[in-house]
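Line by line, the protein sequences give chains A and B. Position in the first sequence counted from 1, then plus 16, gives you this note's numbering. Position in the second sequence counted from 1, then plus 33, gives you this note's numbering.
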Amino acid sequence: MFNIKLFFLTLFALAALACTGRKRPPSGTSQDLSGHSDIRFQDITEAAGLGDFVHHTGAFGKKWMPETFGSGGGFLDYNGDGWPDILLVGGGSWPAYTGKHIRQLWLYRNNQDGTFTLQTDEAGLGEVSTYGFGITAADYDNDGDEDFFLTTVYENRLFRNDGGVFTEVGKAAGVSNQSTWSTAALFFDADRDGWPDLYAGNYVAWSPETDIFCSIDGVTKEYCTPLLYDGVPGRFYHNNGDGTFSDWTQRAGFLPAPGKTLGNAETDYNRDGWPDLIVSSDTERDLLYMNNGDGTFTERGMLSGIAFDEYGRAAAGMGVDAGVVDSSGPPSIFIGNFSNEMIGVFRYLGNNLFNARSSVSKIGRPSLLRLTFGLFLFDVDCDTDLDLFAANGHIQPMIQDGSTYRQTAQLFLNRGNGTFEDASSAAGRPILDSLVARAAAYADIDRDGDQDILLTENGGPAHLWRNDTRGNHFLRVRLRGTASNRDGLDAQLTASLGNLQLYRRVRTGGSYLSNSEKTVTFGLGRHTSLDSLVVKWPSGQVDRLGDVAADQQILLMEGQPGYRREALPGLAAARRAANTSPGQR
Amino acid sequence: MPGCRKQPHESQHAQTSPEAYSLLQHTQAAIDRNDYLSAASLADSAARVDPALPEIHFLRGVISENLNRLSTARSAYEKVYQLRPDYPGIHFYLGNIQFKFEQYRSALAQYRQAIETYRPSEEPYSKSRAYLNLGLAYARLDKPDSALMVYRQALTDDSTNAEAAIRIATAHREEGELDQALRYALRALRTQPENPDYQFQVGALYFQQGDMSQAIPCFEQAIRQMPWNYRAQYQLGQALMRQGRENEARQHLARADTLKGQLAEIVKLEQKTRMEPSRMLHWFNLGKAYHELGDEAMAKESLLMALSIDPGNLVLLNNLGHICLRLDQPDESISYFRKILRADSSLSEVWLSLGLAYAQTGQIPDAREAWRQVLAIHPADARARAFLQQSGGL
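Put into structure tokens, the structure is as follows:
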């Protein structure tokens, strides 16, 4: 048998060659093995073949509210080849008013060589017609391929995947029975019965007929604030395990709710083994649905302290993510907000309480004048701790001095001590490209071990940024459930690295209208192996691996010993690239 | 933006005809009593006498600004500048208007001019105020360091400028520098101990530092003065939760949720006033909503806008009279009730209220007289009898 440890020891010098030693205190280790690297991204949109995509808002002068929301998108592996493909939502038009139709879905197959090919028609998605927003993807029927759910301004759509070809089954499955403006959705196994359930966030009661004339000067129409519309509560659909869902919104405790949802994220904030849900709401209180331990929920946003910002204001609540950003264990929640509102940062204190700490985390001030839609945690530099990426862009082209329509993204590097550093300027382009960004998702598109970024713009192109940050070790873990849902959704992974404990969860949702990969990435810094990896499956099964070597992707099957190693063909290429100077790349 | 009272410039009086000067004084008086419709008519009359007087355009700017007709206000101030570039305060007011238009760079330029050309004996605003507004514009332009510097200058110029201190506190708080933020917030609170906003901000900083025993009384004080403020209710609820006082906390959090819902309705009403600012009913409904929320100051402001559209509306006058009573402004109440009674002296309820307003000012004989008027209309009115008895009038 091939000796993986020996192999990686010989490669260690190569893998560590680009380390540059950024400032930062150690992350809970007596010996600093966290490793710090210069952040580099390369915009590969055109080269990858995504240059023909443009999101359409359908705007024709009436300034209807949905036109500012963009442009969902993300990653899914629709053909099951292990390489993340890309699905983009084309937006919409108002055919009754303009007579125009646009391509609604854009599915790009990953060619495994850094390029993508449009496969919408071949995958059975060419005829979809609606006004779409967000996507969430999971194998809801546990048949081995990734399905997806599309939120729209009308009835939502559920696309069942049968071997790489999709069939729209929303009505038959019982999740497309309402014509409601939906936004962010996610799959999670609320009752841990092995079948992913679905939560679909709704926004406001809007239609062309109920559109309100909003104006600053009383003459010129502007896009309205959601404050003028009534919110619509989200819906929770219980997976019946037979391809259908039941609307358990009331039964599971999701009512009443203010609606105006723009983001949701799964977490298990109180570590009771049951998935909880965070729902961000535009100008309304943000919600924390605590799982009662039986798949029903109690809403505790107000009681827990995440409902409003650190000065008690209801903020715009857009993209959201949650994760453990320090080695102490409790999770933190991050919520993108409007300009003149900081990104919300809430750290779990225990006893069902959170502390708001936007400003003291040092994320607040740099984010104050930005309008953040997409937002997610990932370990950009594989230095062991989760960093924060924020995709920004305003909703009105004509806005006040001091804020712009097109805005740069922001990358906040985790200092490991509860504070973050705005590393956007140091990272340079394309982070500093001004965009009207909306969705933001991550996946390792070139299978080199780090996570790349997909962004969409409202009324504009998509962007694919390849992560070329080098120098640290990593481990990528893919799960396959057997008693649990097949994707391993809601499984908790704990990696031990000396004193460090790294927590990750397999999830959908997070960010804004986006779908990121479900494969978990552990940045290992200078560590060349994990001491142990413990997986707590939603079924209750606990699997443990000892001494796992770094710089590989592994597949863990629930309840089975060991793991299967999966090829990372991009890693060798990345290492070759690391041997050349940046200018040569 | 808080500003200063705007008055026709004294030094110009010598060059102004007595008739125009008198009209200008009457215009100013109408502005002072929030009677913008009369003020506008008086300004128009003054313009007929002497159209080139910058004071007239200045007061027109003030009237329009108060009526939230910002484009008209800006044009009026620009006309003042055109007629007399050194008109006292003109850069400051142009800066304020640009700020309201969210044109912060233009506002910045105007405030700088206001500071550079400042003449202490002539300007109707303080230099410290101009520095403060300059800082606010810098902050909106994402220049926190510059903002902080000029806030400090504002405080150096006037050590009692509590708003400058609280802005410095905010700037430090945004940077996560809580100790410094608290120091300046406390300084603002020492200057204005009854200011509920400062009480709230000090409480919020104690809360962020984890000092609930200090935070809770601050929030409680703030709520006593502004019970409609959902943020204060929420923060108090959070602080109580952290002290394990969950039942009390739940009450405040529920109240915060209710207030937030009421505010949402107010936003919808405000939108209507923006869309149709000349419709009295929109302003009236807004005032009613603020009153139901418990925010009497905002209710009064909205009703005054309604009154500027329909100055003789007795219902508005009556509501304003009662709101002024709640705001402990009995003199203003008296003037509203008197105005009603001049139009219709048979309204016994208004006589009763007038008596209460007089009693609140300590003018007991006048109060008794008002209550006697009630009895003259309704001899059996028990309330009037009781008041008279309590005040020794029976």
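No residue lacks a Cβ here, since even glycine has one placed at the ideal position from N, Cα and C. None of these values were measured; they are calculated from a predicted model.
Residue span of the alpha helix (DSSP H) that contains residue i, given as start and end
i: B:Ala403; result: Ile397 to Ile410
i: A:Asn218; result: Not the alpha helix (DSSP H): A:Asn218 falls in the beta strand (DSSP E), residues Asp213 to Asn218.
i: A:Val551; result: Premise fails: A:Val551 lies in the beta strand (DSSP E), Ser545 to Lys552, not in any alpha helix (DSSP H).
i: B:Tyr144; result: Tyr137 to Glu149
i: B:Leu319; result: Met313 to Leu326
i: A:Ser192; result: Run containing A:Ser192: none; DSSP gives neither H nor E here.
i: B:Arg307; result: Glu279 to Met308
i: A:Thr299; result: That residue, A:Thr299, is in no alpha helix (DSSP H); it is neither H nor E in DSSP.
i: B:Arg206; result: Ala195 to Glu207
i: B:Leu374; result: Pro363 to Ala376
Test item: CB-CB of residue i and residue j under 8 Å
i: A:Leu471; j: A:Leu451; result: yes
i: B:Asn166; j: B:Phe134; result: no
i: A:Leu391; j: A:Ile411; result: no
i: A:Asp205; j: A:Leu505; result: yes
i: A:Gly476; j: A:Val70; result: yes
i: A:Glu282; j: A:Leu202; result: yes
i: A:Thr537; j: A:Asn531; result: no
i: B:His285; j: B:Leu273; result: yes
i: B:Thr150; j: B:His124; result: yes
i: A:Asp464; j: A:Ala590; result: yes
i: B:Leu358; j: B:Ser366; result: yes
i: B:Leu86; j: B:Ala79; result: yes
i: A:Asp399; j: A:Gly586; result: no
i: B:Leu387; j: B:Arg401; result: no
Host beta strand (DSSP E) of residue i (start-end)
i: A:Glu184; result: Val181 to Glu184
i: A:Trp481; result: Ala478 to Asn483
i: A:Gln426; result: Gln426 to Asn430
i: A:Ile359; result: Taken as a continuous stretch (DSSP letters only), A:Ile359 belongs to no beta strand (DSSP E), as it is neither H nor E.
i: B:Ile130; result: Here B:Ile130 belongs to no beta strand (DSSP E); instead the alpha helix (DSSP H) covers Ile123 to Lys133.
i: A:Asn307; result: Leu303 to Asn307
i: A:Thr241; result: Here A:Thr241 belongs to no beta strand (DSSP E), and DSSP marks it neither H nor E.
i: A:Asp468; result: Asp468 to Glu473
i: A:Ala338; result: Val336 to Gly339
i: A:Thr152; result: Gly148 to Ala154
i: A:Glu315; result: Phe313 to Glu315
i: A:Arg581; result: Arg580 to Glu582
i: A:Gln58; result: Phe57 to Asp59
Three-state class that DSSP yields for residue i in the structure shown
i: A:Ala32; result: In this prediction, A:Ala32 scores a pLDDT of 35, lower than 50, which makes its location untrustworthy; the coordinate-derived value is nonetheless stated afterwards. The answer is coil: DSSP assigns A:Ala32 none of H, G, I, E or B.
i: A:Cys230; result: strand
i: B:Ala62; result: helix
i: A:Arg523; result: coil
i: A:Trp122; result: strand
i: B:Asn351; result: helix
i: A:Ala453; result: strand
i: B:Phe91; result: helix
i: B:Tyr267; result: helix
i: A:Phe350; result: strand
i: A:Asn515; result: coil
i: A:Arg173; result: strand
i: A:Met573; result: strand
i: B:Tyr164; result: helix
i: A:Thr283; result: strand
i: B:Pro51; result: helix
i: B:Asp230; result: helix
Cβ distance (whole Å) where residue i is taken to contact residue j below 8 Å
i: A:Pro346; j: A:Arg363; result: 6 Å
i: A:Asp298; j: A:Leu271; result: Contact doesn't hold; Cβ gap of about 19 Å is too wide.
i: A:Asp288; j: A:Gly309; result: 6 Å
i: B:Gly345; j: B:Ala376; result: 7 Å
i: B:Gln268; j: A:Gly328; result: 5 Å
i: A:Phe182; j: A:Thr167; result: At roughly 16 Å, the Cβ-Cβ gap does not stay under 8 Å, so A:Phe182 and A:Thr167 are not in contact.
Within chain D, the residues that residue i reaches when beta carbons sit closer than 8 Å
i: B:Arg264; result: The displayed structure is made up of protein chains A and B, and chain D is not among them.
Heavy atom of the ligand HEM within 7 Å of residue i beta-carbon
i: A:Ala189; result: For the ligand HEM, the structure offers nothing, since it holds no ligand at all.
- Message: At 3 residues or longer, what runs of the beta strand (DSSP E) sit wholly inside the stretch 363-437 of chain A?
- Response: 369-372, 388-394, 403-408 and 426-430
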